[in-house]
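Chemist: Here it is: the structure, laid out below.
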Amino acid sequence: MADLSSQAFPVNTPKFWGNEKVLVAKCIETGWISSEGPAVKDFESKLAARCQRRHGIACANGTAALDIAVQALGLGQGDEVILPTFCIISCINQIVRGGSKPVLVDSDDSFNMNVSQVAAKLTPKTKAILCVHTYHFPVDMEPIMALAKEKGLKVIEDAAEMIGQTCAGKPCGSFGDISTMSFYPNKHITTGEGGMVLCDDPELADRCRKLRNLCFDPKKRRFVHEELGWNYRMTNLQAALGLGQLEFLDSAVLRKRE
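If you're matching positions, the sequence shown starts at 265 in this note's numbering and goes up one per residue.
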């Protein structure tokens with residue numbers, strides 16, 4: 265038998281089957297390469313529509329999207345957030361960085377958390393549930409959403425691995441107060457690095473946009489900052505690549521299922 269221990273096997277090879285080259289070249293030709301370019305808003309609106317959300321906020325990566333989500337929902341010191349043990353470290357990092365406590369639940373045979381596990385971990389300090397779809401298998405969201413509504417909890421849906429797929433007949437990315445996406449090269453669509461926050465509440469969307477952009481407040485004096493924020497912006501070049509990728513999202517999902 266051949267020794268394969270020293271060979272590298274890629275998790276995924278990104279495919280470019282759409283108009284990515286044309287769209288990226290257009291950015292270069294027009295000079296629209298920064299985060300202010302028109303492709304960013306176009307990418308936001310098209311992905312939000314695909315996920316049946318009212319607002320999309322493009323950002324630098326999936327980790328940035330999670331950080332924005334945690335901050336925008338006001339999770340902080342002393343709060344508890346329930347999430348699965350089987351997830352990327354970014355999920356825990358953003359909770360801890362904001363001063364909250366991650367409360368971990370084991371995953372079942374679907375690689376995901378389930379509502380009975382979540383219910384068993386509830387305490388008076390629980391403020392939110394972070395659901396993470398894993399390996400393209402969706403979390404059973406409806407029972408968790410019902411529990412969250414009953415207990416008055418916020419829900420963040422990490423749909424990084426489920427772009428273009430559904431749960432109970434609804435698009436993944438359409439559940440919870442906020443959903444987050446990642447466009448790393450091993451996802452269904454890629455922008456190289458990139459992420460997005462999705463929500464329906466216009467005030468929450470405005471807060472996410474503010475947190476993405478150094479907490480500049482367009483409704484007040486631009487350079488008067490009332491809180492800390494970071495540069496989590498997506499460039500127009502990345503968004504153009506994402507628009508090209510969206511053209512064959514359904515084909516990408518089918519290819520991965522094969």
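Ideal placement from N, C-alpha and C gives every residue a C-beta, glycine not left out.
Are the CB atoms of Lys451 and Leu417 within a distance shorter than 8 Å?
Modeler: To locate residue 417, count along the sequence shown from 1; it is residue 153. To locate residue 451, count along the sequence shown from 1; it is residue 187. Not closer than 8 Å, so no.
Chemist: Using only CA atoms, which one of Glu491, Arg485, Asp465 lies nearest to Arg476?
Modeler: Taking the sequence shown and counting its residues from 1, the one referred to as residue 476 is at position 212. Arg476 has its Cα closest to that of Glu491, out of Glu491, Arg485, Asp465.
Chemist: Suppose the cutoff is 6 Å on Cβ atoms and the five residues either side in sequence are ignored; what does the same chain contact list for Asn437 look like?
Modeler: The sequence position of residue 437 within the sequence shown is 173, counting from 1. Just to set this straight, residue 437 is Gly in the shown sequence, not Asn. Taken in chain order, the residues that qualify are Cys315, Ala423, Ser443, Leu462.
Chemist: Select from Gln341, Cys323, His400 the residue whose C-alpha is nearest the C-alpha of Cys351.
Modeler: By 1-based counting over the sequence shown, the position of residue 351 is 87. Nearest of Gln341, Cys323, His400 to Cys351, Cα basis: His400.
Chemist: From Leu311, Gly340, Phe487, pick the residue whose C-alpha is nearest to that of Ile427; which is it?
Modeler: Taking the first residue of the sequence shown as position 1, residue 427 is located at position 163. Checked all of Leu311, Gly340, Phe487; the closest Cα to Ile427 is Leu311.
Chemist: Quick check on the DSSP output: the beta strand (DSSP E) that includes Ile321 runs from which residue to which?
Modeler: By one-based count along the sequence shown, residue 321 stands at place 57. Element bounds for Ile321: 319–323.
Chemist: Leaving aside the five residues before and after Pro407 along the sequence, list all residues of the same chain whose C-beta is less than 7 Å from its C-beta, in chain order.
Modeler: Within the sequence shown, residue 407 is the residue found at index 143, counting from 1. Here the set comprises Val379.
Chemist: Taking the C-alpha atoms as reference points, what is the distance between Leu287 and His397?
Modeler: To locate residue 287, count along the sequence shown from 1; it is residue 23. To locate residue 397, count along the sequence shown from 1; it is residue 133. Computed Cα separation, rounded: 30 Å.
Chemist: Measure the Cβ-Cβ separation of Gly295 and Ser309 and say whether it is below 8 Å.
Modeler: Against the sequence shown, residue 295 aligns to sequence position 31. Against the sequence shown, residue 309 aligns to sequence position 45. Not in contact: Gly295 and Ser309 (Cβ atoms no closer than 8 Å).
Chemist: Could you tell me the alpha carbon to alpha carbon distance between Gly301 and Asn357, rounded to whole angstroms?
Modeler: By one-based count along the sequence shown, residue 301 stands at place 37. By one-based count along the sequence shown, residue 357 stands at place 93. Rounded to the nearest angstrom, the two C-alpha atoms are 31 Å apart.
Chemist: Going by other Cβ atoms of all chains shown within 10 Å of its Cβ, with 16 needed for buried, is Arg361 buried or exposed?
Modeler: Taking the first residue of the sequence shown as position 1, residue 361 is located at position 97. With fewer than 16 other Cβ atoms within 10 Å, it is exposed.
Chemist: Indicate whether at least one CB of chain C lies closer than 8 Å to the CB of Gly363.
Modeler: Going by chain labels, chain C is absent from the structure shown, which holds only one protein chain.
Chemist: Taking its Cβ as the centre, do 16 or more other Cβ atoms sit within 10 Å of Gln341, making it buried, or is it exposed?
Modeler: Sequence index remark: in the sequence shown, residue 341 carries index 77 (1-based). By the 10 Å Cβ count, Gln341 comes out exposed.
Chemist: In chain order, which beta strand (DSSP E) runs of at least 3 residues are fully inside the segment 448–484?
Modeler: DSSP runs (the beta strand (DSSP E)) wholly in the segment 448–484: 459–463.
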